[in-house]
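Novice: Under full-length UniProt numbering, think of the first position of the sequence shown as 1, with each following residue one higher.
Dumping the structure here so I can ask a few things about it.
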Amino acid sequence: AGAGALKAGDCIIDVASKEYSKVLDFKKLQEAGVDIYEMKFPGAAVHAKMARGAIVRYAAEQQVTDPEQLKGFRGAKGDWRFEGESTDKKTGFRVFTFQRSSSSSSSSGPAAKKRKKT
1 AGAGALKAGD CIIDVASKEY SKVLDFKKLQ EAGVDIYEMK FPGAAVHAKM ARGAIVRYAA
61 EQQVTDPEQL KGFRGAKGDW RFEGESTDKK TGFRVFTFQR SSSSSSSSGP AAKKRKKT
């Protein structure tokens with residue numbers, strides 16, 4: 001994928017999994033002056049997947065026009081918080097890291113009910 005209609009000063013917010021992010025030629029986009037932001041949701045893959053979808057919904061509903069506005073993302077149930085910003089030394093991407101609150105990590109959901117009792 002090339003830069004297409006994107007121009008210097010535009011940005012891409014990468015919330016895709018690593019597997020799907022590979023379809024974009026980020027290097028070419030960066031050469032065109034496009035800023036790349038990567039959203040990181042450490043922890044269990046199932047929670048990260050839900051958070052990626054929720055942040056896209058948040059961006060649409062809040063009509064986000066500046067990546068800085070994404071720092072206000074809290075998740076569908078208020079279970080995520082912005083942790084910090086960094087720059088990936090290898091890719092040059094700006095990275096926003098979100099942490100799931102400890103109260104959300106309890107195992108009281110449906111998965112917990114499926115466990116066998118010993």
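Glycine is no exception: its CB is placed at the ideal position from the N, C-alpha and C atoms.
#1: Using a Cβ-Cβ cutoff of less than 7 Å, which residues in the same chain neighbour L29 once the five nearest sequence positions on both sides are dropped?
#2: Is the beta carbon of D14 closer than 9 Å to that of F26?
#3: From K113 to E38, what does the alpha carbon distance come to, in whole angstroms?
#4: Can you tell me which of S17, A59, V23 puts its alpha carbon nearest to the alpha carbon of F73?
#5: So the candidates are A76, G43, A44; which of them puts its Cα closest to the Cα of G53?
#6: Count the other C-beta atoms from every protein chain shown that fall within 10 angstroms of the C-beta of R81, then say buried if there are 16 or more, exposed otherwise.
#7: Mark R57 as exposed unless 16 or more other C-beta atoms lie within 10 angstroms of its C-beta, in which case mark it buried.
#8: Can you tell me whether D88 is buried or exposed? The criterion is at least 16 other CB atoms within 10 Å of its CB, across all chains shown.
#9: Exposed or buried, which one is A51 when buried takes at least 16 other CB atoms within 10 Å?
#10: What did DSSP end up calling V95 once you bin it into helix, strand or coil?
#11: Rounded C-beta distance between R100 and D79? I'm assuming under 8 Å.
Specialist: On the basis of the coordinates in this document:
#1: A3, L6, I12, I36
#2: yes
#3: For K113, the predicted structure reports a pLDDT of 48, less than 50, and the residue's modelled location is therefore unreliable. A value from the coordinates is still provided. Roughly 34 Å separates the two Cα atoms.
#4: A59
#5: A76
#6: exposed
#7: exposed
#8: exposed
#9: buried
#10: strand
#11: 6 Å
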